[in-house]
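Residue numbers (our numbering): 9 to 139.
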């Protein structure tokens, strides 16, 4: 199957801070989406840059963090409910575990730790370890 391709380059201002890189990745995806729409969906437009691999996670980390944390707390609730047979005890343990997660989020904010894939793993581990 013959496949035609082309490469186009875009430029932006110098990136200094982490927020600059995250905004540049978001802008690159926006430009690619606009280009794909202007072609009527006849071509696929991809984004590549050496830093996209590292900063792409910041575009979706917040919804993933909420989902993963809620899933961990649901697993804690179901585990305690199964082992103890008491919904009240399961709710109390789940609330304490949720409080631990909120405490870790507060410490992250105080010490300036950004929410990323690694800190998300630590949040989920916090929910499990606090049981």
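Where is the CB? At the ideal position from N, CA and C, for every residue including glycine. Predicted model, so just to flag it, every value in this text is computed and none were measured.
Endpoints, the alpha helix (DSSP H) within which residue i is located
i: residue 38; result: 26-46
i: residue 93; result: Per DSSP, residue 93 belongs to no alpha helix (DSSP H) and is neither H nor E.
i: residue 134; result: 125-137
i: residue 60; result: 60-63
Residue i vs residue j beta-carbon contact at 8 Å
i: residue 112; j: residue 101; result: no
i: residue 87; j: residue 108; result: no
i: residue 106; j: residue 123; result: no
i: residue 135; j: residue 77; result: yes
i: residue 30; j: residue 56; result: no
i: residue 40; j: residue 53; result: yes
i: residue 99; j: residue 92; result: no
i: residue 16; j: residue 32; result: no
DSSP-derived helix/strand/coil call for residue i
i: residue 54; result: coil
i: residue 66; result: helix
i: residue 86; result: helix
i: residue 112; result: helix
i: residue 106; result: helix
i: residue 81; result: helix
i: residue 22; result: coil
i: residue 118; result: helix
Spatially closest choice to residue i from the options, by CA coordinates
i: residue 50; options: 12, 20 and 21; result: 12
Self-check item: Any 3 or more C-beta pairs closer than 8 Å across the stretch 25-37 and the stretch 60-67
Solution: Touching, yes.
Exercise. Examine the Cβ distances between the stretch 121-138 and the stretch 64-75 and report whether three or more of them are shorter than 8 Å.
Key: Contact between the stretch 121-138 and the stretch 64-75 is present, because at least three Cβ pairs lie under 8 Å.
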